[in-house]
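Number of protein chains: 2
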Amino acid sequence: MNSPIYCVIMAGGAGTRFWPISRSSRPKQFLDILGTGKTFIRSTFERFAEFVPAENFLVVTNGAYRDLVLEQLPEIGADQILAEPLGRNTAPCIAYAAFRLKATAPDATMIVTPSDHLILNEAAFRTVVEEAVGFASSHEVLVTIGVQPTRPATGYGYIQADRPIRADGMNKVKTFTEKPNAELARAFLASGDFFWNSGIFVWQTRTILNSLAALLPDTWQLFSSIESAYGTPDEQQCIDRIYPECRAVSVDYGIMEKAGNVYVRCGDFGWSDIGTWGSLYEYMPRDEAGNTQGADRILFDSRGCLVKTPQGKLAVIEGLEDFIVVDTEDVLLICPRENEQNIKKFIDTVRFNGGDRFI
Amino acid sequence: MNSPIYCVIMAGGAGTRFWPISRSSRPKQFLDILGTGKTFIRSTFERFAEFVPAENFLVVTNGAYRDLVLEQLPEIGADQILAEPLGRNTAPCIAYAAFRLKATAPDATMIVTPSDHLILNEAAFRTVVEEAVGFASSHEVLVTIGVQPTRPATGYGYIQADRPIRADGMNKVKTFTEKPNAELARAFLASGDFFWNSGIFVWQTRTILNSLAALLPDTWQLFSSIESAYGTPDEQQCIDRIYPECRAVSVDYGIMEKAGNVYVRCGDFGWSDIGTWGSLYEYMPRDEAGNTQGADRILFDSRGCLVKTPQGKLAVIEGLEDFIVVDTEDVLLICPRENEQNIKKFIDTVRFNGGDRFI
Numbered sequence: 075m076n077s078p079i080y081c082v083i084m085a086g087g088a089g090t091r092f093w094p095i096s097r098s099s100r101p102k103q104f105l106d107i108l109g110t111g112k113t114f115i116r117s118t119f120e121r122f123a124e125f126v127p128a129e130n131f132l133v134v135t136n137g138a139y140r141d142l143v144l145e146q147l148p149e150i151g152a153d154q155i156l157a158e159p160l161g162r163n164t165a166p167c168i169a170y171a172a173f174r175l176k177a178t179a180p181d182a183t184m185i186v187t188p189s190d191h192l193i194l195n196e197a198a199f200r201t202v203v204e205e206a207v208g209f210a211s212s213h214e215v216l217v218t219i220g221v222q223p224t225r226p227a228t229g230y231g232y233i234q235a236d237r238p239i240r241a242d243g244m245n246k247v248k249t250f251t252e253k254p255n256a257e258l259a260r261a262f263l264a265s266g267d268f269f270w271n272s273g274i275f276v277w278q279t280r281t282i283l284n285s286l287a288a289l290l291p292d293t294w295q296l297f298s299s300i301e302s303a304y305g306t307p308d309e310q311q312c313i314d315r316i317y318p319e320c321r322a323v324s325v326d327y328g329i330m331e332k333a334g335n336v337y338v339r340c341g342d343f344g345w346s347d348i349g350t351w352g353s354l355y356e357y358m359p360r361d362e363a364g365n366t367q368g369a370d371r372i373l374f375d376s377r378g379c380l381v382k383t384p385q386g387k388l389a390v391i392e393g394l395e396d397f398i399v400v401d402t403e404d405v406l407l408i409c410p411r412e413n414e415q416n417i418k419k420f421i422d423t424v425r426f427n428g429g430d431r432f433i
Numbered sequence: 075m076n077s078p079i080y081c082v083i084m085a086g087g088a089g090t091r092f093w094p095i096s097r098s099s100r101p102k103q104f105l106d107i108l109g110t111g112k113t114f115i116r117s118t119f120e121r122f123a124e125f126v127p128a129e130n131f132l133v134v135t136n137g138a139y140r141d142l143v144l145e146q147l148p149e150i151g152a153d154q155i156l157a158e159p160l161g162r163n164t165a166p167c168i169a170y171a172a173f174r175l176k177a178t179a180p181d182a183t184m185i186v187t188p189s190d191h192l193i194l195n196e197a198a199f200r201t202v203v204e205e206a207v208g209f210a211s212s213h214e215v216l217v218t219i220g221v222q223p224t225r226p227a228t229g230y231g232y233i234q235a236d237r238p239i240r241a242d243g244m245n246k247v248k249t250f251t252e253k254p255n256a257e258l259a260r261a262f263l264a265s266g267d268f269f270w271n272s273g274i275f276v277w278q279t280r281t282i283l284n285s286l287a288a289l290l291p292d293t294w295q296l297f298s299s300i301e302s303a304y305g306t307p308d309e310q311q312c313i314d315r316i317y318p319e320c321r322a323v324s325v326d327y328g329i330m331e332k333a334g335n336v337y338v339r340c341g342d343f344g345w346s347d348i349g350t351w352g353s354l355y356e357y358m359p360r361d362e363a364g365n366t367q368g369a370d371r372i373l374f375d376s377r378g379c380l381v382k383t384p385q386g387k388l389a390v391i392e393g394l395e396d397f398i399v400v401d402t403e404d405v406l407l408i409c410p411r412e413n414e415q416n417i418k419k420f421i422d423t424v425r426f427n428g429g430d431r432f433i
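Residue numbers (my numbering), protein chains in the order written: chain A, 75 to 433; chain V, 75 to 433.
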């Protein structure tokens, strides 16, 4: 029996790390921050639509973003959007999708993916995912897609595989490690056993449901309690009722770190979560002085600057080194590139000063 | 016989030193850069309207700014705007006004004033001007208003008075000096004989016409050649014809430095020509870190910054010291405050790159 392949896009994030470009009303997944001509969620959809039919997508997002999803993915129907009333991290998000599929496509093999990552080598990525799908659809396993690390990044989670490592195959997972410090990251890289955690998972619906029941029984119980509602007109009302009771927990912490049947399929496909202005800077075209390129900008005596201005606006900058300059219609941000982690502080201050309209 | 007092406002400047706030389509005199609630030209008009009737104003400006003048000074009629087809510095501007008055008010005493300066002590200023008017209306003299210098400014012209100096009266002028270097400026200040040249003049119409005939005969000849046209429907057409033939020359260089009947009336009335972002900075309210104040701005670890953003726009700035940050709808300028003289270079580069729409 061929298990149908479903793709669950997790698009509920309201991240603020790309503020002031990303706003609570239009977070990163609905933006084309890289200037590719497509938003992150659109690129994610097209990546999987190569081998998953449009009607087999589910998009889990905040209800406030329903229209943005439909605008970006006109191929899908409104019933394919699973609207969370509030964010509770990835485990409830995945539980919701799994229970929906149990009702509508119980034999499905699920690909679960974030909606806002960059993948440069789509062909290599597809090979990796298809192998993971083939393995997961025929085994009771939880497969995670790992990324061959290229530097001792401290901003990513790491997956340690059991030796011997099969670079082109399935590897049993030994440990998950959250963001390591620099020393540990260097040791991870040197060992050859560690891979970046892309947050992309493949499993059968019944497998993840079994894992939820065993490892996050409270979450499983909540979603199970409204089992008769999935796929019916009552679903939204029931979801809205149980969601506030869910514990916010990530699938990595709640399931993957504790389950015994976790495998990693590694690949090298030019992945980045583009999680900060700094990581975006690495992927933007730059001139010989290290300033990001773009029309209508003139820089004097400036180096290493990430400059982002609205189309048609001129920026004239002198004497800045390693700064972020992000200009939007109603907010101008200027700060040292190395201080990008302060953006959260900036936002808190703006909010404290009554500037909710700027967030 | 009482000579009627006329006020000639010179408002033809298309200066770029406040770019990108000032534009060729709306230069500084038509802006409220200081945030007083009034444009410079409006403040200038109101200053003199205290003792000059509205119908006795003439505004010499570029034809392109006619509507801006009428918008700012609804009290005056269209016939009180003398429209230059192109700028030729102050001597032709003054010659035009003098010839118009010769035709319409030959006995007038003229106050000639720039349109874009700051005067903080209006009462002290009025006293000085009224004394100058009293003296000029009864003598064949060219009176210039001098300003008690408060620092060895290198950006102003200086007027040296003959000793003994009468701080509260008329002084014969000994020399005019253009912008001195710092050492000379310090010597000027120490001597007590030197005053800043405010560019405000008082004289009778016939006196300035006699001086023009004697000292700038080519200019006098051109304006004299269309004498029958002043105050008639032919005036504009004639002016448009002769203006391109005028030499561009300042009244300071062409008349004041060479005439023998020049007097200076000094005063201390809080004057500044607000000629640069730096001089504007000195007059803007600042916080304890020396950053200019304003709504919707949050600065971290920043000092000495001049920040100017459109109303309702939020600026979040970290790590800038002594910078100018000027944001407009279509241009963002960021440069060190000490490099404000580079603005001309910026504009040249913008123009070279085809950015005329930004100038």
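Glycine included, each C-beta is placed from N, C-alpha and C at the ideal position.
When only Cα atoms are considered, residue 167 of chain V and residue 84 of chain V end up about 7 Å apart.
The three-state secondary structure of residue 82 of chain V, taken from DSSP, is strand. The alpha-carbon separation between residue 354 of chain V and residue 120 of chain A amounts to approximately 54 Å. Assignment of beta strand (DSSP E) within the stretch 278-350 of chain V, counting only whole runs of 3 or more residues, yields 336-341 in chain order.
A direct Cα-Cα distance of roughly 29 Å separates residue 234 of chain A from residue 126 of chain A.
Neighbours of residue 416 of chain A across chain V, judged by C-beta separation under 9 Å: 374, 392. Its chain contains 226, 228 as the residues whose beta carbon lies nearer than 8 Å to that of residue 256 of chain A, once the 5 sequence neighbours on both sides are disregarded; these appear in chain order. Contact between residue 268 of chain V and residue 340 of chain V does not hold, since the beta-carbon distance rounds to 10 Å and is not under 8 Å. When only Cα atoms are considered, residue 383 of chain V and residue 181 of chain V end up about 48 Å apart.
The three-state secondary structure of residue 171 of chain A, taken from DSSP, is helix. Here residue 188 of chain V has 84, 273 as same chain residues with Cβ atoms under 6 Å from its own Cβ, once five neighbours each way along the sequence are excluded. Beta-bridge partners assigned by DSSP to residue 220 of chain A: A:271, A:340. Residue 154 of chain A sits in a helix when the DSSP states are folded into three classes.
DSSP, reduced to helix, strand and coil, places residue 355 of chain V within a helical segment of the structure shown.
The alpha-carbon of residue 275 of chain V is positioned some 16 Å away from that of residue 346 of chain V.
Shown in chain order are the members of the stretch 379-390 of chain A whose Cβ falls below 8 Å from a Cβ of chain V: 383, 386, 387, 388, 389, 390.
By DSSP's assignment, residue 131 of chain V forms a beta bridge with V:81. Within chain V, the residues 372, 374, 390 have their CB atoms less than 9 Å from the CB of residue 423 of chain A, given in chain order.
Taking 8 Å as the cut-off, the beta carbon of residue 77 of chain V is found closer than this to the beta carbon of residue 183 of chain V. In the three-state reduction of the DSSP assignment, residue 377 of chain V falls in the strand class.
Taking CB atoms only, residue 401 of chain A has a neighbour in chain V less than 8 Å away. With fewer than three CB-CB distances shorter than 8 Å, the stretch 247-263 of chain A does not count as touching the stretch 348-367 of chain A.
For the set V:86, V:94, V:333, V:294, the Cα lying nearest the Cα of residue 425 of chain V is the one of V:94.
Looking at the DSSP output, residue 250 of chain A sits in a beta bridge with A:233.
Distance between residue 369 of chain A and residue 386 of chain A, taken at the CA atoms: about 8 Å. Listed along chain A is no residue with a C-beta nearer than 8 Å to that of residue 364 of chain V; the closest approach is about 17 Å. Listed along chain V, the residues sitting closer than 7 Å to residue 407 of chain A by beta-carbon distance are 390. Taking 8 Å as the cut-off, the Cβ atoms of residue 219 of chain A and residue 206 of chain A count as close.
The stretch 97-115 of chain A makes contact with the stretch 146-153 of chain A: 3 or more CB pairs, one atom from each, lie closer than 8 Å.
For residue 144 of chain V, DSSP records no beta bridge to any residue. If you look at residue 201 of chain V, you'll find it in the alpha helix (DSSP H) that goes 196-211. Annotation: the continuous beta strand (DSSP E) that includes residue 185 of chain V extends over 183-188. The C-beta of residue 278 of chain V has 16 or more other C-beta atoms within 10 Å across all chains shown, which makes the residue buried. Counted as a single uninterrupted DSSP element, the beta strand (DSSP E) harbouring residue 397 of chain V occupies residues 397-401. Residue pairing by DSSP puts residue 276 of chain A in a beta bridge opposite A:185, A:217. Beta-bridge partners assigned by DSSP to residue 389 of chain V: A:406, V:371.
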